[in-house]
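Asks: There's a structure below that I have some questions on.
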Amino acid sequence: AKQEGRNRFSFFSHDLESSIRERHQLETCLRNAISHDELFVHYQPKINLATNEIVGAEALVRLVDSEGVFISPNEFIPLAEESGLIIRLGNQVLYKACAEAKSWLDKGCNIPISVNVAVAQFADPHFANIIEKALHDYQLPAELLELEITETALMIDAAEMQTRLYQLKSLGIKIAIDDFGTGYSSLAYLKKFNVDVMKIDMSFIKDMLNNKHDYEIVKTIISLGQSMGLSLIAEGVETEEQRQALLELDCLMGQGYLFSRPLSANDFNAFILQHKVN
Ligand code: C2E
Ligand code: CA
Ligand code: CA
Ligand code: CA
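Its first residue numbered 25, the sequence shown is counted upward by one per residue in full-length UniProt numbering.
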């Protein structure tokens, strides 16, 4: 038994060692991509569920490793947050997204672009200045930029975050609450913060047609959003049945594999050509 215990210990320590090494490799890869401006941004269309028209696009960052394999943001965003790289990463995504939306506009397509914002970016007192400068540098009208923040971001320091929201809204941009229903949301916060859009988390959409509770949650979020005058968008719409059900509940916008996966800038341009905008 003693022998076994020792083996088990060495097995675990070996495991720990390799996970530390992998983490270090990932951080190096991320740091290099940021330094050499080699991050990619993909764009996922947001769709009017009744007409199939494009009503927006979400910018989603992509990292490619040395062998050309895509690494999931779910793996490197947390690492970027812990290592402080998230500010530079976030800025690069913001600039690329603004440049892309401006190029759509120059082709006559008014497609609002949504950019994900990490807590550390939103907490930065200079954040509104960064946004203002990006709009100016890329000549993007403020109403074409939307920032997606999570409920958690609003909870860290309510007074400070209220100031930040006010600064951002004064620029004329839109604010969406991402992953709605999964964070520490409270109705009091929703009332206090003047946001524009609620994104219903895909975990509720996934089972809304085979789980009565999820269906009721979706229904409740929609009526809450409506009563507060917010736009609603469902994430992770994968089936025609979900599209129908959401429309019946009066949710008019959706995003998900039913319509399109996130696309490279080139593929998104091809998507625009095949679909009506607005
Ligand atoms: P998110 O903001 O909730 O983005 C939606 C995620 O769901 C994306 O994953 C998207 O590809 C995926 N998705 C879209 N439609 C469907 C669908 O129909 N079914 C399923 N199963 N998934 C769908 P992705 O691109 O891997 O991003 C994961 C998360 O990483 C994002 O979740 C967001 O939290 C974070 N992230 C991505 N890009 C950025 C960024 O530029 N900055 C920050 N701070 N976070 C980012
Ligand atoms: Ca998002
Ligand atoms: Ca989301
Ligand atoms: Ca999410």
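Cβ coordinates follow ideal geometry from the N, Cα and C atoms, glycine included. A quick note: this is a predicted structure, and the numbers were derived from the prediction, not measured.
For the alpha helix (DSSP H) holding Thr-174, just list the boundary residues, first then last.
Replies: Run containing Thr-174: none in the alpha helix (DSSP H); it sits in the beta strand (DSSP E), 169-174.
Asks: With 16 other CB atoms within 10 Å as the buried threshold, where does Ile-241 fall?
Replies: Looking at its Cβ environment, which holds 16 or more other Cβ atoms inside 10 Å, Ile-241 is buried.
Asks: For Ile-180 and Val-221, I'd like the C-alpha separation in whole angstroms.
Replies: Going from the Cα of Ile-180 to the Cα of Val-221 covers about 20 Å.
Asks: Express the C-alpha separation of Ser-43 and Ala-25 in angstroms, rounding to a whole number.
Replies: Interpretation of Ala-25 is limited by its pLDDT of 45, a score under 50 that renders its predicted location unreliable; the figure taken from the coordinates is listed afterwards. Each residue's Cα considered, the two are about 27 Å apart.
Asks: Please classify Gly-132: is it buried, with 16 or more other beta-carbons within 10 angstroms of its beta-carbon, or exposed?
Replies: So Gly-132 counts as exposed.
Asks: Flag this pair as yes or no: are the beta carbons of Tyr-213 and Ala-182 separated by less than 9 Å?
Replies: Cβ distance < 9 Å, so Tyr-213 and Ala-182 count as in contact.
Asks: Looking at the secondary structure, which residues open and close the beta strand (DSSP E) in which residue 325 lies?
Replies: Residue 325 is absent from the model: the chain starts at 25 and stops at 302.
Asks: Please determine whether the Cβ atom of Glu-82 lies at a distance below 8 Å from any heavy atom of ligand 2.
Replies: Yes, Cβ of Glu-82 sits closer than 8 Å to a heavy atom of ligand 2.
Asks: For Asp-238, which residues in the same chain have their Cβ closer than 7 Å to its Cβ, ignoring the five residues on either side in sequence?
Replies: So the qualifying residues of the chain are Phe-228, Asp-231, Met-232.
Asks: Taking the beta strand (DSSP E) that Leu-109 falls in, what are its first and last residues?
Replies: Run containing Leu-109: none; DSSP gives neither H nor E here.
Asks: For Tyr-119, does the three-state DSSP call read helix, strand or coil?
Replies: Here Tyr-119 sits in helix by DSSP.
Asks: So, does the stretch 86-93 touch the stretch 49-59, judging by three or more C-beta pairs under 8 Å?
Replies: Yes, since at least three Cβ pairs between the stretch 86-93 and the stretch 49-59 fall closer than 8 Å, the two stretches touch.
Asks: Check whether the Cβ atoms of Leu-103 and Arg-47 lie closer than 9 Å to each other.
Replies: Yes, the Cβ-Cβ distance between Leu-103 and Arg-47 is below 9 Å.
Asks: Mind checking which residues open and close the beta strand (DSSP E) that includes Phe-151?
Replies: Taken as a continuous stretch (DSSP letters only), Phe-151 belongs to no beta strand (DSSP E), being part of the alpha helix (DSSP H) at 151-161.
Asks: Note down the Cα distance separating Asn-76 from Glu-62, rounded to an integer number of angstroms.
Replies: Using only the alpha carbons, I get a separation of about 33 Å.
Asks: For Gly-205 versus Asp-225, is the C-beta distance shorter than 9 Å?
Replies: Against a cut-off of 9 Å, the Cβ pair of Asp-225 and Gly-205 comes out as a contact.
Asks: Roughly how many whole angstroms lie between the Cα atoms of Gly-249 and Ile-78?
Replies: Near 21 Å, if we compare the C-alpha coordinates of Ile-78 and Gly-249.
Asks: Alpha carbon to alpha carbon, how far is Thr-244 from Leu-270?
Replies: Cα to Cα, Thr-244 sits roughly 12 Å from Leu-270.
Asks: Along the chain, where does the beta strand (DSSP E) that runs through Phe-64 open and close?
Replies: Start and end: 64-72.
Asks: Thinking just about the alpha-carbon of each residue, which of Glu-259, Ser-194, Asn-302, Glu-265 is nearest to the one in Pro-286?
Replies: The shortest C-alpha separation from Pro-286 is found at Glu-259.
Asks: Along the chain, where does the alpha helix (DSSP H) that runs through Val-143 open and close?
Replies: Counting along the chain, the alpha helix (DSSP H) containing Val-143 begins and ends at 143-147.
Asks: Are Pro-136 and Leu-189 closer than 9 Å when you measure CB to CB?
Replies: No.
Asks: Within its chain, find whatever has a CB closer than 6 Å to the CB of Gly-280; leave out the 5 residues flanking it on each side and keep chain order.
Replies: Same-chain partners within the cutoff: Gly-260, Val-261, Glu-262.
Asks: Taking only the alpha-carbon atoms, compute the straight-line gap between Phe-100 and Lys-215 and give it to the nearest angstrom.
Replies: Straight-line Cα distance between these residues: approximately 33 Å.
Asks: Enumerate in chain order the residues of its own chain whose CB-to-CB distance from Asp-203 is below 6 Å, with the five nearest sequence positions on each side excluded.
Replies: Excluding residues within five positions, the ones whose Cβ falls inside 6 Å are Thr-174, Asp-225.
Asks: Answer yes or no: do Asn-72 and Leu-276 have a C-beta to C-beta separation smaller than 9 Å?
Replies: Result yes, Cβ atoms of Asn-72 and Leu-276 sit closer than 9 Å.
Asks: Helix, strand or coil: how does DSSP classify Asn-140 here?
Replies: It is a strand residue.
Asks: In the DSSP assignment, what residue or residues form a beta bridge with Asp-202?
Replies: In DSSP, Asp-202 forms a bridge with Thr-174.
Asks: In the DSSP output, what is Lys-193 paired with across the bridge?
Replies: Looking at the DSSP assignment, Lys-193 forms no beta bridge with any residue, so it has no partner.
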